[in-house]
Amino acid sequence: MLEIKNLHVKLAQEDKQILQGVSLQVPKGEVHAVMGPNGSGKSTLAYVLAGREGYEVTEGEILWNGENVLEMEPEERAAKGVFLAFQYPIEIPGVATLTFLRTALNAVRRKRGETELTTPEFMKRARGEAAKLGIADDILKRPLNVGFSGGEKKRMEILQMAVLEPTLCVLDETDSGLDIDAVRIVSDGVNRLKAKDRAMLVITHYQRLLNYIVPDRVHVMAGGVIRKSGGKELALALEKSGYAEFESKAA
Amino acid sequence: MTLAATRTKAEQALSQNFEAVASKLPGGRAIAEARKAAIGTFAALGLPHRRIEEWKYTDLRSALKEALPPAIGGEAKATAQDIDRALEDLAALDAHRLVFVDGVHRGELSTGGILKGMKFTALAAALAKSADRAGEGLLRESAQGHEAVIALNTAFMTDGAVIHIGANDRLETPLLLVFARSGREGRLVTTRNIIDVGAGAQATIIEVYVTLVGAASGQANALSQIVVGDGARLDHAKCTLAGEAGSHLATWMTTLGVQATYRAFQLTAATGLARNNLFATFKGERSKLDISGCFLGRASEHIDTTLVVDHAVPACESRELFKGVLTDRARSVFQGKVIVRPDAQKTDGKQMAQVLMLSEDAEFDSKPELEIHADDVVCGHGSTSAEIDADMLFYMMSRGIPLPEARALLIESFVGEAIDKLESEAVRTAFSAIAKRRLANLTG
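Listed below in structure tokens is the structure:
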């Protein structure tokens, strides 16, 4: 289970508080959505979960399966099953996608006490998962994300997730910039990964994605706190009313 | 003005050393005269220093504190195993090998027989035999600002490879020219290669400058004169591992005929002071050249790449890509000049030099220059220096890749873009492995 308790986060370099006491629990096997207007702190929450530098946790904690995530380096978190699908995936020139995938997979396997995959085993796995996401073989040979379209980059995030088999999947605005067909492909990829020992946190501005990835719980975030939680119908209600109610209170 | 009167200790020693060894250097009377004239040129100029534009960032006068005694042959001990060890990953390359130890050709360490399509003469033998053509040819070579370094080469050169590839001949395996250093004492080793690739011929030639395990590094002055004939292609690579206390002054002077192709690559690492001069001149239309390289500097190493590409005729294409990685107080210099003469319409030139800085104390001086006198050309250049991208590191770490591995992968991929310019897979693999090992020294 993911437990976020009274999380306060500010920017490390400036005196700007972003999260002001976020509390949230995502049990294994469930999909939770965090929705909210721009600037509400959604992406900060995602980055802090993954361990990006530049943020300072001033109060609160994050536990994953009872372990304190905030004390771990990003690669340790990955080994413990934490995965962030980036809103803006990073281009890595010169590193072929397959090389990247294999280096990452073997690193987490080593850390998890599993044996590394042989080249044929790895290729079979990577190609198999890529095929399910409609990712062509030649893309796997290209440097990771370099010159990829927006849709290709998002699919590549899901491919990495499928190959690395994390147990806590955090998806940050995975539908942004995607046309409806791409949303469907990406969502199908996420839905295939739903499992009873896996928790998912889907961060999104729009309700659209939640038509495809149906959440068990929806949390509305505004002004750096969770303002309201409910079932999937909460997302539909928000679609009609918008975030005005929350923004005015926050102001 | 009394400038000429002040000479450094090293400059004086170079002139004195010449007097001491002149009678033992190879060549007939005409060559001896040429050498004498050359040391005279050097004595008048002295070592290049920072007030000479081309040497602003690499002041040889202050960098070369002493002149080591010149190697003039003798009983250098070296076995084939010693050479293999020093060659690292290039030892396994399927290549025809010509080995020079302390500046002297060693037939017994070289591959027996002769490559089909190639004529080889040791420079010492060529100098002894011919007082006319070879000698004359050598002395005509010069380059602005580099007269002193070239004159020193002419004065002291002991040996090298004189290679001729016959018209339309193709060398089936690469030719590996190995310049190894042996012995416990540092010496000045001066070599010269003359490479002539005939019309329509093709060859891969790799120069390697190494110090045998346990031997002292020293000073080197190496010069290669290259002619790529009409329709010919030369893949020319160099690997310099001269040693931390070693200095390496090298000059490549290449001319290209009509529709010729010249692909050059230089890897420089583990070298105290390196100055790599590359001069390439298009003499025939519709030719292409690609000059690339990779330099890795640590401690207080200083690696300078200075190149001049001269588009003297129309419709030629030039590409340059250099990638460097610097740590500690290492410094690198890149000076890239592309000249497009008034007649050289339809010139297509692109140049890029990029450095990855692993330390705040490292320094990169970059001076790209375009000198364009024609109006219908496409030319561009760029230069960057940056640290390892923090976003890339975080992205990789978030996928479980530990920080040291993420850094290594990013650095390898950075230089990989230059190493990928080597088109032969076997050659590329060997250079890549050597670079990877040297990178581990930088980051470890």
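As they're listed, the protein sequences go chains A and B.
Residues in the first sequence are numbered consecutively from 290, following the working numbering.
Residues in the second sequence are numbered consecutively from 3, following the working numbering.
C-beta: ideal position from N, C-alpha, C; glycine also.
State the Cα-Cα distance for the pair E446 (chain A) and L433 (chain A), rounded to the nearest angstrom.
Within the first sequence, residue 446 (chain A) is the residue found at index 157, counting from 1. Within the first sequence, residue 433 (chain A) is the residue found at index 144, counting from 1. Rounded to whole angstroms, E446 (chain A) to L433 (chain A) spans 10 angstroms at the Cα level.
Go ahead and pull the three-state DSSP assignment for D223 (chain B).
As a position in the second sequence, residue 223 (chain B) is number 221, starting the count at 1. Inspection of the sequence shows that residue 223 (chain B) is occupied by Asn rather than by Asp. Of the three classes helix, strand and coil, the one that applies to N223 (chain B) here is strand, per DSSP.
Any beta carbon from chain B within less than 7 angstroms of A396 (chain A)'s own beta carbon?
Counting from 1 along the first sequence, the entry for residue 396 (chain A) is found at position 107. Chain B contact via Cβ: present.
By the 10 Å Cβ neighbour count, where 16 or more other Cβ atoms means buried, how is Q204 (chain B) classified, buried or exposed?
The residue given as residue 204 (chain B) occupies position 202 in the second sequence. Buried, because 16 or more other Cβ atoms sit within 10 Å of the Cβ of Q204 (chain B).
Tell me, please, which residues DSSP counts as bridged to R99 (chain B).
Indexing the second sequence from 1 puts residue 99 (chain B) at position 97. The partner list for R99 (chain B) (beta bridge, DSSP) reads B:L178.
Candidates B:L47, B:L95, B:K118, B:G162: which alpha carbon is nearest V101 (chain B)'s?
By 1-based counting over the second sequence, the position of residue 101 (chain B) is 99. Answer by Cα proximity: B:G162.
Hey, would you say the C-beta of V311 (chain A) is under 6 angstroms away from at least one heavy atom of the ligand GTP?
The ligand GTP is absent from the structure shown, which contains no ligands of any kind.
Quick check on DSSP: helix, strand or coil for P404 (chain B)?
Taking the first residue of the second sequence as position 1, residue 404 (chain B) is located at position 402. Correct three-state label for P404 (chain B): coil.
Within 7 angstroms (strictly less), CB to CB, does M255 (chain B) reach chain A?
On the second sequence, residue 255 (chain B) is found 253 positions in, with the first residue counted as 1. Not an interface residue.
Helix, strand or coil, according to DSSP, for Q83 (chain B) in the structure here?
Position 81 of the second sequence, counted from the start, is the residue given in the question as residue 83 (chain B). Residue state for Q83 (chain B) is assigned as helix, using DSSP reduced to three classes.
So which of A:Q376, A:G310, A:P382 has the shortest CA-CA distance to D391 (chain B)?
Residue numbering aside, residue 391 (chain B) sits at position 389 when the second sequence is read from its first letter. Closest option to D391 (chain B), Cα to Cα, is A:P382.
Does the beta carbon of D474 (chain A) sit closer than 7 angstroms to a beta carbon anywhere in chain B?
Counting from one through the first sequence, the residue named residue 474 (chain A) turns up at place 185. Reading off the sequence, residue 474 (chain A) comes out as Ile, not Asp. Answer no: the Cβ-Cβ gap between I474 (chain A) and chain B never drops below 7 angstroms.
Measure the C-alpha to C-alpha separation of H375 (chain B) and P316 (chain B) and round it to an integer number of angstroms.
To locate residue 375 (chain B), count along the second sequence from 1; it is residue 373. To locate residue 316 (chain B), count along the second sequence from 1; it is residue 314. Roughly 12 angstroms between the two C-alpha positions.
Grab me the residues of Y344 (chain A)'s own chain with a C-beta within less than 8 angstroms of its C-beta, minus the 5 sequence neighbours each way, in chain order.
Here residue 344 (chain A) refers to the residue found at position 55 when the first sequence is read from its first residue. These residues qualify, in order along the chain: V298, K299, L300, A301, I307, T333, Y336, V337.
Name, in chain order, the residues that DSSP records as bridge partners for E209 (chain B).
Here the question's residue 209 (chain B) lines up with position 207 in the second sequence. DSSP output for E209 (chain B) lists B:L179, B:K240 as bridge partner(s).
In whole angstroms, what separates the C-alpha of A126 (chain B) from that of E405 (chain A)?
In the second sequence, the residue the question calls residue 126 (chain B) occupies position 124. In the first sequence, the residue the question calls residue 405 (chain A) occupies position 116. Those two C-alpha atoms are separated by around 56 angstroms.
Thinking C-beta only, is A65 (chain B) closer than 7 angstroms to L275 (chain B)?
Looking up residue 275 (chain B) in the second sequence gives position 273. Looking up residue 65 (chain B) in the second sequence gives position 63. Less than 7 angstroms divides the Cβ of L275 (chain B) from the Cβ of A65 (chain B).
Whose Cβ in chain A lies nearer than 8 angstroms to the Cβ of E407 (chain B)?
Taking the second sequence and counting its residues from 1, one reaches residue 407 (chain B) at position 405. Going along chain A in sequence order, the residues near E407 (chain B) (Cβ under 8 angstroms) are T392, A396.
Since A97 (chain B) contacts T213 (chain B) with CB under 8 angstroms, what's their CB separation in whole angstroms?
Numbered from its first residue, the second sequence carries residue 97 (chain B) at position 95. Numbered from its first residue, the second sequence carries residue 213 (chain B) at position 211. That belief does not hold up - the Cβ atoms of A97 (chain B) and T213 (chain B) are roughly 20 angstroms apart, past 8 angstroms.
Please report the straight-line C-alpha distance between R183 (chain B) and T192 (chain B), rounded to a whole angstrom.
One-based indexing of the second sequence puts residue 183 (chain B) at position 181. One-based indexing of the second sequence puts residue 192 (chain B) at position 190. If you take the alpha carbons of R183 (chain B) and T192 (chain B), they lie about 11 angstroms apart.
Excluding the 5 residues preceding and the 5 following E350 (chain A) in the sequence, name in chain order all residues of the same chain whose CB lies nearer than 7 angstroms to its CB.
Position 61 of the first sequence, counted from the first residue, corresponds to residue 350 (chain A). So the qualifying residues of the chain are K294, N357, L359.
With a threshold of 7 angstroms between beta carbons, is P2 (chain B) in contact with chain A?
Residue numbering for chain B in the displayed model covers 3 to 446; residue 2 (chain B) lies beyond these limits and cannot be assessed.
Are any of the Cβ atoms in chain B nearer than 7 angstroms to that of R487 (chain A)?
As a working note, residue 487 (chain A) is residue 198 in the first sequence. Chain B contact via Cβ: absent.
Which stretch, first to last residue, makes up the beta strand (DSSP E) that contains Y495 (chain A)?
Here residue 495 (chain A) refers to the residue found at position 206 of the first sequence. From DSSP, Y495 (chain A) is part of no beta strand (DSSP E); its letter is neither H nor E.
Quick one: complete beta strand (DSSP E) runs, 3+ long, within the segment 296-376 of chain A?
For the segment 296-376 of chain A, whole beta strand (DSSP E) runs of length 3 or above, ordered along the chain, are 306-315, 320-324, 344-353, 371-374.
Please state whether the Cβ-Cβ distance between R277 (chain B) and S302 (chain B) is less than 7 angstroms.
The residue you call residue 277 (chain B) lines up with position 275 of the second sequence. The residue you call residue 302 (chain B) lines up with position 300 of the second sequence. No; because the gap between Cβ atoms is not below 7 angstroms, this pair is not in contact.
Beta-carbon within less than 7 angstroms of L482 (chain A)'s beta-carbon, same chain only, minus the 5 sequence neighbours each way: which residues are those?
Taking the first residue of the first sequence as position 1, residue 482 (chain A) is located at position 193. Hits under 7 angstroms: M450, A451, C458.
By the three-class DSSP mapping on this structure, what secondary structure does G137 (chain B) have?
Start at 1 with the first residue of the second sequence, and residue 137 (chain B) comes out as number 135. A caution first: G137 (chain B) carries a pLDDT of 49, below 50, which makes its placement in the model unreliable, though a value can still be read off. Residue state, collapsed to three classes: helix.
Which residues in chain B sit within 8 angstroms of L541 (chain A), going by Cβ to Cβ distance?
This structure does not reach residue 541 (chain A), given that chain A is present from 290 up to 540, and the question cannot be answered.
How about S289 (chain B) and L258 (chain B): do their beta carbons lie closer than 7 angstroms?
Stepping through the second sequence from its first residue, residue 289 (chain B) is reached at position 287. Stepping through the second sequence from its first residue, residue 258 (chain B) is reached at position 256. Yes, these two residues count as a Cβ contact at 7 angstroms.
Taking the alpha carbon of A355 (chain B) as the point to measure from, which residue in B:A39, B:H383, B:Q14, B:S112 has its own alpha carbon closest?
Working through the second sequence from its first residue, we reach residue 355 (chain B) at position 353. The candidate whose alpha carbon is nearest that of A355 (chain B) is B:H383.
Give a yes or no on whether the minimum CB-CB distance between I428 (chain A) and chain B is below 7 angstroms.
Here residue 428 (chain A) is taken as the residue at index 139 of the first sequence, counted from 1. Closer than 7 angstroms: no.
Name the DSSP bridge partner or partners of D198 (chain B)?
Translated into positions along the second sequence, residue 198 (chain B) becomes position 196. Partner(s): B:H166, B:V229.
According to the Cβ coordinates, are P455 (chain A) and M399 (chain B) closer than 7 angstroms?
Sequence index remark: in the first sequence, residue 455 (chain A) carries index 166 (1-based). Sequence index remark: in the second sequence, residue 399 (chain B) carries index 397 (1-based). It is not a contact, given that the beta carbons lie outside the stated cut-off.
Could you tell me whether any Cβ in chain A is nearer than 7 angstroms to the Cβ of G137 (chain B)?
Within the second sequence, the letter at position 135 stands for residue 137 (chain B). Note on G137 (chain B): pLDDT 49, under 50, position unreliable in the model; no value is reported.
By Cβ distance below 7 angstroms, which residues in the same chain neighbour E319 (chain B) in space, the five residues on each side in sequence not counted?
To locate residue 319 (chain B), count along the second sequence from 1; it is residue 317. Excluding positions up to five away in sequence, the list reads K290, D350.
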